[in-house]
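*Asks:*
Protein chains: 2
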Amino acid sequence: MGAAMVGMMKPPEAGALDALALKFRSLELDSEADLQTVLRFVKIREAVSPGENIVDTRSPRRQLTVLLAGVACLHKKLEDDSRQIYTFQYPGDFCDLHRYMLPELDQKATVTALTACSIGTIRHDDLDQLLSQHPKLGLAFWRASMLEASILRERLLNISRRAALPRVASIICEQLARLEAINIKSAVIPITQVDLADAGGLSVVHVNRIVQDLRKLGALSKKTRTIEVASKERLAQLANFDRRYLNMPDLLSDWKIDIEELADS
Amino acid sequence: MGAAMVGMMKPPEAGALDALALKFRSLELDSEADLQTVLRFVKIREAVSPGENIVDTRSPRRQLTVLLAGVACLHKKLEDDSRQIYTFQYPGDFCDLHRYMLPELDQKATVTALTACSIGTIRHDDLDQLLSQHPKLGLAFWRASMLEASILRERLLNISRRAALPRVASIICEQLARLEAINIKSAVIPITQVDLADAGGLSVVHVNRIVQDLRKLGALSKKTRTIEVASKERLAQLANFDRRYLNMPDLLSDWKIDIEELADS
DNA sequence: CGGATTATTGAGGGGATTCAAATGGTGTGG
DNA sequence: CCACACCATTTGAATCCCCTCAATAATCCG
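Going line by line, the protein sequences match chains A and B. Sequential numbering from 1 applies to the first sequence in the UniProt record's numbering. Sequential numbering from 1 applies to the second sequence in the UniProt record's numbering.
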């Protein structure tokens, strides 16, 4: 509908940018004109298979990458070749904003597709122009970065101070909430136990035991070997999950919010 | 010198904003005019004693707080009243940017003075105007947020995947580098072992043992009971420290950079 | 069908925790 | 100026959560 409003011919890839448009709206980019302008600069790239890198140290540094479909993760390999997953990325998320603003940063951090993904790119040159001509756009990107920081803080807290079970439960809750926010209602989290381990700072073996505990406790489904949520409420309770750090509209949500938590703040 | 260039009377608190000016320059805010404009909107507040909150849930939500002198930390209390320190803050750092952009976020996160601090504030209303009239300012704040995210990622990685000794060593390295970046050359890190524990996700008892190990290994000074760096090189080596994530100019620095690390990236 | 990745289960070890107590340093007030 | 309280630091002992190692299913993909 957005595209129609500005009277453009629908391009063949119509719909491909819906996720990105939704993202910008959630970042409070109010101006429909600004939104349509930036969308026009997105080039849609070929699909990426699971396990392939979307952004790595060898990628050209002259463009911003946007995830349009699929699930990816930002991660880094350590000296002992263990892996830390910083964040999971969903349709609409920006993969490498840090490379645009602080190009010297995070040389080794890479983005890898976890499922089949499709991506778009915006040239850095174009972004320079867009930002100078549409200042509101900068504020939206800024919000995106702050949201990422908020997610990192929450994960830091979980890894640092919580036991394995609430930790794993929290990560699953987050993914569920983020999937909901982009209208993906599936109870299956498209993430392996290996990924959970690398994101949560646990061994795969222990994650497996925790997952089985979560199944016994009624939070996850016992029927599959995948991560399938059986009871969102039970999971959130075990995780002590407070989704406010994700800064999402409550519209779609029927999460239990702890009343006293709200009251004393 | 900056203030003189625009022909202003030097206010009584001349020099108080130097740290903030330095910060903005490090965030690549090139325009001296923009810089002077924003500095003019900073109100200097009274001093804050160690242990007192600079920003908490009861603070008015209508202003941005800037640390002008001293050391503070952004942290959050958990349900079991343990504490997670997200980041340490130094002169020039913004304490509560997140409250400006995403006011619903991180309700419970507070900023507390670790040493005697002095702070400044900018009203959110003024910030609204400043940002719309000086778009470059928004990019600088955006960079500040990305830098914070970078620091969070590094800490996440440390806590998640490294043993206690390199973990503690890394945190100390970071503080040393950040102090250097604002021209504070002291080898004493103004942080207690309790703070180190809360930042590193360790118990105080264990941090103490690690600190003693670091002293035996020649990284910290044996002469004091404070955290005093005896050998920056040794510490960085034990920490496997790569300061690039801090995005700092190398000007002031004589840190050893691992050559092969640079070569293969 | 074979190779690779993921999931699962068992056993044993270790790093960090918790509990408990003593020491040293600092500041406040009598 | 000392006494006392408070906090940070230090040390010891016992415990436990999670890890590593190892091996076996189950699943996916070409």
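Note that beta-carbon positions come from the ideal geometry of N, C-alpha and C, so glycine has one too. Computed from a predicted structure; not experimentally measured.
Measuring only the C-alpha atoms, how far is D258 of chain A from V48 of chain A?
*Replies:* Confidence at D258 of chain A is low in this model, with a pLDDT of 49, below 50, so its placement is unreliable and the value that follows should be read with caution. Distance between the alpha carbons of D258 of chain A and V48 of chain A is about 40 Å.
*Asks:* Below 8 Å on the Cβ atoms is my guess for I182 of chain B versus G92 of chain B; work out the distance and round it to an integer in Å.
*Replies:* 6 Å
*Asks:* Alpha carbon to alpha carbon, what distance is there between L157 of chain B and I119 of chain A?
*Replies:* 27 Å
*Asks:* Can you list the residues of chain B that N183 of chain A reaches, using a CB-CB cut of under 9 Å?
*Replies:* Chain B residues near N183 of chain A: none, gap ~21 Å exceeds 9 Å.
*Asks:* Which residues of chain B have a Cβ atom closer than 7 Å to the Cβ of S160 of chain A, listed in chain order?
*Replies:* Q84, I159, G201
*Asks:* Measure the CB-CB distance between A236 of chain A and L220 of chain A and report whether it falls below 7 Å.
*Replies:* no
*Asks:* Touch check for the segment 108-126 of chain B and the segment 27-43 of chain B: three-plus C-beta pairs under 8 Å?
*Replies:* Three or more beta-carbon pairs separated by less than 8 Å link the segment 108-126 of chain B to the segment 27-43 of chain B, which places the two stretches in contact.
*Asks:* Measuring only the C-alpha atoms, how far is H202 of chain A from H134 of chain B?
*Replies:* The question names His, but residue 202 of chain A is Leu in the sequence shown. Taking the straight line joining both Cα atoms gives about 46 Å.
*Asks:* Any idea which residues DSSP pairs I122 of chain B with across the strands?
*Replies:* B:L64
*Asks:* In whole angstroms, what is the alpha-carbon distance linking residue 268 of chain B and I151 of chain B?
*Replies:* Past the edges of chain B, shown from 1 to 265, lies residue 268 of chain B, and the structure says nothing about it.
*Asks:* Does R155 of chain B pass the burial test, meaning 16 or more other C-beta atoms within 10 Å, or should it be called exposed?
*Replies:* buried
*Asks:* Please report whether the beta-carbon of A149 of chain A lies at a distance below 7 Å from any beta-carbon of chain B.
*Replies:* Yes, because at least one Cβ of chain B sits closer than 7 Å to the Cβ of A149 of chain A.
*Asks:* Three Cβ pairs or more, each shorter than 8 Å: is that satisfied between the segment 91-105 of chain A and the segment 55-71 of chain A?
*Replies:* yes
*Asks:* Going straight from the alpha carbon of R25 of chain B to that of Q36 of chain B, what length do you get?
*Replies:* 11 Å
*Asks:* Going along chain A, which residues have a C-beta under 8 Å from Q193 of chain B?
*Replies:* Residues of chain A passing the Cβ test: none, with the nearest at roughly 16 Å.
*Asks:* Who are the near neighbours of M8 of chain B in its chain, counting only those whose CB is closer than 6 Å to its CB and skipping five residues on each side?
*Replies:* In this prediction, M8 of chain B has a pLDDT of 49, which is less than 50 and means its spatial position is unreliable; what the coordinates show is noted afterwards. Correct list: empty, nothing qualifies.
*Asks:* Considering only C-alpha positions, which residue in the set A:R243, A:T57, A:S31 is nearest to K108 of chain A?
*Replies:* A:T57
*Asks:* If you run the structure through DSSP and keep just helix, strand and coil, what is T57 of chain B?
*Replies:* coil
*Asks:* How is the beta strand (DSSP E) around A113 of chain B delimited, first residue to last?
*Replies:* 110-113
*Asks:* Note down, in chain order, all residues in the segment 223-246 of chain A with a beta-carbon under 7 Å from any beta-carbon belonging to chain B.
*Replies:* N240, R244, Y245
*Asks:* Which runs of the alpha helix (DSSP H) at least 4 residues long sit entirely within the segment 198-258 of chain B? Give them in chain order.
*Replies:* 204-216, 232-239
*Asks:* Pick out whichever of B:V38, B:R83, B:A21 has its Cα sitting closest to the Cα of D195 of chain B.
*Replies:* B:R83
*Asks:* Nearest to R243 of chain B by CA position, among B:A33, B:I227, B:Q175, is which residue?
*Replies:* B:Q175
*Asks:* So if I threshold CB-CB distances at 8 Å, which residues from the segment 93-114 of chain A count as touching chain B?
*Replies:* Look at the segment 93-114 of chain A: the residues with a C-beta under 8 Å from a C-beta of chain B are L97, H98, M101, L102, E104, L105, D106, Q107, K108, A109.
*Asks:* Consider the Cβ of R143 of chain B: report whether some Cβ of chain A lies at a distance smaller than 7 Å.
*Replies:* Yes, R143 of chain B counts as interfacial toward chain A.
*Asks:* Determine, using beta carbons only, whether R153 of chain B comes closer than 7 Å to chain A.
*Replies:* It does; some Cβ of chain A falls within 7 Å.
*Asks:* Is the beta carbon of H75 of chain B sitting closer than 7 Å to the one on I85 of chain B?
*Replies:* Taking 7 Å as the Cβ cut-off, H75 of chain B and I85 of chain B qualify as a contacting pair.
*Asks:* Just how far apart, CA to CA, sit V204 of chain B and Q193 of chain B?
*Replies:* 6 Å
*Asks:* Is there a Cβ from chain B that is less than 7 Å from the Cβ of L20 of chain A?
*Replies:* no
*Asks:* Helix or strand or just coil, what does DSSP make of E32 of chain A?
*Replies:* Residue state, collapsed to three classes: helix.
*Asks:* Does the beta carbon of G2 of chain A sit closer than 7 Å to a beta carbon anywhere in chain B?
*Replies:* Model confidence at G2 of chain A stands at a pLDDT of 43, short of 50, so the residue's coordinates are unreliable; what they give is reported in the following sentence. Not closer than 7 Å to any Cβ of chain B, the Cβ of G2 of chain A fails to qualify, so no.
*Asks:* Where does the unbroken beta strand (DSSP E) through V48 of chain A begin, and where does it stop?
*Replies:* 43-48
*Asks:* Mapping the DSSP letters down to three states, classify K76 of chain A as helix, strand or coil.
*Replies:* strand
*Asks:* How long is the line joining the alpha carbons of R225 of chain B and S160 of chain B, rounded to whole angstroms?
*Replies:* Between R225 of chain B and S160 of chain B, the C-alpha separation is close to 28 Å.
*Asks:* Against chain B, does K10 of chain A count as a neighbour if the rule is that its beta carbon must be under 7 Å from one of theirs?
*Replies:* Any answer about K10 of chain A is weak, because its pLDDT of 49 lies below 50 and its placement is not dependable; what the coordinates show is given next. Closer than 7 Å: no.
*Asks:* Near A263 of chain A, which residues of its chain fall below 7 Å by C-beta distance, leaving aside the five closest residues on each side in sequence?
*Replies:* The predicted model places A263 of chain A with a pLDDT of 46, which falls under 50 and marks its position as unreliable; any figure quoted below should be read in that light. Taken in chain order, the list of residues that qualify is empty.
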